[in-house]
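318 is the number that the working numbering gives to position 46 of the sequence shown; each next residue is one higher, with no gaps.
From the three backbone atoms N, C-alpha and C, an ideal C-beta is built for every residue, glycine too.
Quick caveat, the model's predicted, so the values are computed rather than measured.
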Amino acid sequence: YKAVHLPLFLQQQSTITDSHTTRQDPASNDCSCCDSSEPNATKPQFTWKDLKQIFADLQKEDKKSWCIENGKTNEKERIGSDDNAKDAYGGALDFLDPKDEPEEKTKEKDFSYCSFLIQNDNRTKQEALSRFPMSTLPFSDTWVYGPSIWVFFGRNRFGKEEMQGRPDHTDSVSHDGTWHYQLSGIKKWHLRPTKKLVEHMKEKGGGVNDLTESDVVQVDCNAGDVLVVNTALWWHQTKIPPQPDPSVSYARDFYLDANKMDPADIEEAGGGMTNVDGMYASNDVEAGTIVFTEHDMPDGELHRSATAPNCEVVELEDGTSAVVTTKNVACGDFFCLPESDSEEEDDDEEIEEKEEED
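What follows is the structure, encoded as C-alpha cells:
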C-alpha cells in the first residue's frame with residue numbers, strides 16, 4: 273500500500289514494516305544508508321540560527337502563516353496591527369533570534385512552539401532549499417513535491433516538563449505523505465493509526481493486520497533524523513522535552529504519482545496551504561448533517577477552500593444559522609467552507625498588485 277503510507281516512519285537505527293531507515297549527520301549532506309544526490313560541500317552550513325533571516329526575507333503572504341502552536345508569545349506581536357509596519361512581525365523575529373539571553377529576560381520566549389510556511393516566496397524558498405542539509409530524500413527521484421516548506425521551531429530551555437504542540441490530530445491533506453528533517457534538538461512524536469488505516473491494513477494484510485486504533489508509537493527524533501509519515505492516516509502529536517537548544521525541524525509534502533493529484537492538490541500546488549487550526553470530524557459524518565449552530569458554535573475557525581469545500585452556512589426553519597455538511601466527511605478531515613466573496617476580492621487585489629510590481 274505504498275501509495276498511501278510508505279514509509280510509515282523513519283527513525284534512527286530501527287527497522288519497521290514498510291519503512292526505510294536513514295540517519296544523517298546534521299553537519300553533513302551524506303546519508304548513512306545511501307549516497308545523497310545533492311552534495312552541499314561548497315555551501316555555507318545551514319543551522320537553526322539562520323531561520324531568523326529566512327523569515328525576515330519572506331514576502332508578506334508567507335509571514336502571515338506565522339502560528340503559535342503553544343506558548344505565551346505576545347499575540348499582538350505575532351501578526352502586528354499593521355502588516356506594512358516595520359515591526360509588524362517583531363514578535364516572530366524576536367522568537368527566532370539566536371542570541372543567548374538570561375532566563376529572566378526570555379522566560380516566555382523560551383517556552384513556546386511556533387511554526388510558519390515558506391511557499392509563495394519562490395526566491396526565498398529556493399535559497400532555503402539550496403542551503404538546507406537535505407532538500408529531497410535520496411531515494412525519492414520520482415516523487416513530486418508540494419509547494420510548501422513547513423518550519424517548526426520550539427523552545428523549552430528552562431522548563432521542567434515536556435511542552436506539547438497541538439493536541440492529537442490528523443491533517444486534512446490528500447498528498448501521500450510528509451517527511452520531517454530534525455535540524456536541531458529533540459522532538460518526540462506520538463503516532464496512532466486512524467480507523468481508515470486500520471481497516472485498510474486488515475483488508476490488505478501485509479504483516480501488520482493486527483494494527484488497532486489504540487496502538488501508539490513513540491518516535492524520538494534527534495538532530496539529523498528524518499521522519500516520514502502520512503498525517504492524514506495517523507493521529508499525531510508532538511512534544512518538546514526540556515533542552516538547551518531549540519527543537520527545530522522542517523518538512524516537505526510529497527506525491528508518489530503526480531497523475532493522481534485531485535482538485536484539492538491542484539489548489540495546494542498553487543500555494544493554497546494554510547497554517548491555522550481548524551475543526552475536524554472525530555467520526556465519519558454524512559452529507560446533510562448539522563455540524564453546529566450559531567448557538568453552540570465552538571471557539572475556533574473553519575478552513576475555507578475555493579475548490580473543495582465540504583460544508584455550507586444555511587438558515588434553519590427557526591431562523592437560526594447553522595453549518596451543514598454538503599458531502600460525506602471522513603473521520604479526521606477538516607470541515608471546510610467555500611471562500612467568501614470578500615476573500616476572492618482580496619485575492620484578486622493581491623494578484624493585481626503582483627502584476628504591477630512585475
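Nonlocal neighbours in the same chain, by C-beta distance under 6 Å from residue i, ignoring five residues either side
i: ARG464; result: VAL488, TRP507
i: PRO610; result: PRO581
i: ASP382; result: ARG427, ARG429, PHE430
i: GLY543; result: Because the pLDDT of GLY543 is 44, which lies under 50, any placement of that residue in the model is unreliable, and the number read from its coordinates should be weighed accordingly. Closer than 6 Å at Cβ, skipping near neighbours: GLN391, ASN392, PRO419.
i: ASN356; result: Residue confidence is low: ASN356 scores 46 on pLDDT, short of 50, so the model does not pin down where it sits. Its coordinate-derived value is still stated next. Once the five neighbours on either side are set aside, ASN356 has no close Cβ partner at all.
i: ALA523; result: TRP422, THR450, HIS452
i: PHE424; result: SER387, SER521
i: ASP619; result: Below a pLDDT of 50, predicted positions are generally treated as unreliable, and ASP619, at 46, falls in that range; the measurement from the model is reported next regardless. Closer than 6 Å at the Cβ level, and outside the excluded window around ASP619, lies no residue.
i: SER444; result: ASP605, PHE606
i: THR408; result: none
i: LYS335; result: TYR361
i: GLN490; result: HIS462
i: GLU573; result: none
Residue from the options whose Cα sits closest to the Cα of residue i
i: PHE388; options: TRP422, LEU505, LEU469; result: TRP422
i: ASP369; options: ASN342, LEU323, TYR385; result: LEU323
i: GLU589; options: THR597, ASP366, THR565; result: THR565
i: TRP320; options: SER519, CYS608, TYR385; result: SER519
i: PRO410; options: LEU365, MET569, VAL498; result: VAL498
i: VAL557; options: THR597, HIS567, ASP568, LYS371; result: THR597
i: ASP568; options: CYS583, ASP529, VAL595, LYS599; result: VAL595
i: THR442; options: HIS472, SER577, LYS371, ASN555; result: ASN555
Extent of the continuous beta strand (DSSP E) run through residue i
i: GLY437; result: Element bounds for GLY437: n/a, residue is neither H nor E.
i: PHE383; result: 383-390
i: PHE424; result: 416-428
i: ALA523; result: 519-527
i: LEU409; result: Counting along the chain, LEU409 falls outside any beta strand (DSSP E), and DSSP gives it neither H nor E.
i: PRO514; result: Looking at the DSSP string, PRO514 is not in any beta strand (DSSP E), and its letter there is neither H nor E.
i: PRO610; result: 608-610
Close-in-space but distant-in-sequence residues of the same chain around residue i (CB under 7 Å, 5 per side omitted)
i: GLU587; result: SER593
i: PRO439; result: GLN509
i: TYR385; result: GLU341, ASN342, GLY343, GLY426, MET435, GLY437, ILE512
i: HIS447; result: GLY418, ASP525, PHE526, TYR527, ASP537
i: ASP517; result: SER456, GLY457
i: TRP415; result: PHE526, TYR527, LEU528
i: GLN454; result: CYS493, ASN494, ALA495, GLY496, ASP497, SER521
i: ALA299; result: Reliability of the predicted coordinates at ALA299 is poor, the pLDDT of 37 falling under 50, and the value obtained from them is presented with this limitation in mind. GLN317, listed in sequence order.
i: THR503; result: THR442, ASP443, VAL445, THR450
Residue i, enclosing alpha helix (DSSP H) - first and last residue
i: SER402; result: 394-403
i: ASP329; result: 323-329
i: LEU365; result: 362-368
i: ASP334; result: 332-335
Proximal residues to residue i (C-beta, below 8 Å), its chain only, five neighbours per side dropped
i: PRO535; result: For PRO535, the pLDDT reaches just 47, beneath the cut-off of 50, and the residue's location in the model is therefore unreliable, leaving the point undetermined.
i: GLU219; result: Only positions 273 to 630 of the chain appear in the structure, and residue 219 is not among them; the question remains open.
i: GLU433; result: PRO514
i: LYS599; result: ALA559, ASN582
i: SER612; result: ARG576
i: ASP584; result: Reading the sequence as shown, one finds Glu at residue 584 and not Asp. Closer than 8 Å at the Cβ level, and outside the excluded window around GLU584, lie VAL595, VAL596, THR598, LEU609, PRO610.
i: PRO570; result: MET551, PHE564
i: GLY591; result: none
(Q) Under 8 Å, with one C-beta from each stretch per pair, do the region 316-335 and the region 399-411 reach the 3-pair mark? (A) Note that the region 316-335 touches the region 399-411; at least 3 beta-carbon pairs, one per stretch, sit closer than 8 Å.
Q.
Using 8 Å as the cut-off, can you tell me whether the region 454-463 makes contact with the region 508-526, which would need three or more C-beta pairs spanning the two stretches below that distance?
A. With a cut-off of 8 Å, the region 508-526 and the region 454-463 count as touching, because enough Cβ pairs lie within range.
Q | 3 or more residues per run - each beta strand (DSSP E) lying fully within the region 556-601 | A | 562-565, 575-577, 583-587, 593-597
**Q.** Inside the region 448-510 only - alpha helix (DSSP H) runs reaching at least 4 residues
**A.** Annotation: the region 448-510 contains the following complete segments of the alpha helix (DSSP H) (minimum length 4 residues), in chain order: 467-476.
(Q) Contact between the region 328-338 and the region 386-395 is defined here as three or more beta-carbon pairs at a separation below 8 Å; is this criterion met? (A) By the C-beta criterion, the region 328-338 is judged to be in contact with the region 386-395, since at least 3 inter-stretch pairs fall below 8 Å.
Q: Please confirm if the region 485-499 is in contact with the region 561-575, defined as three or more CB-CB distances below 8 Å between the two stretches.
A: no
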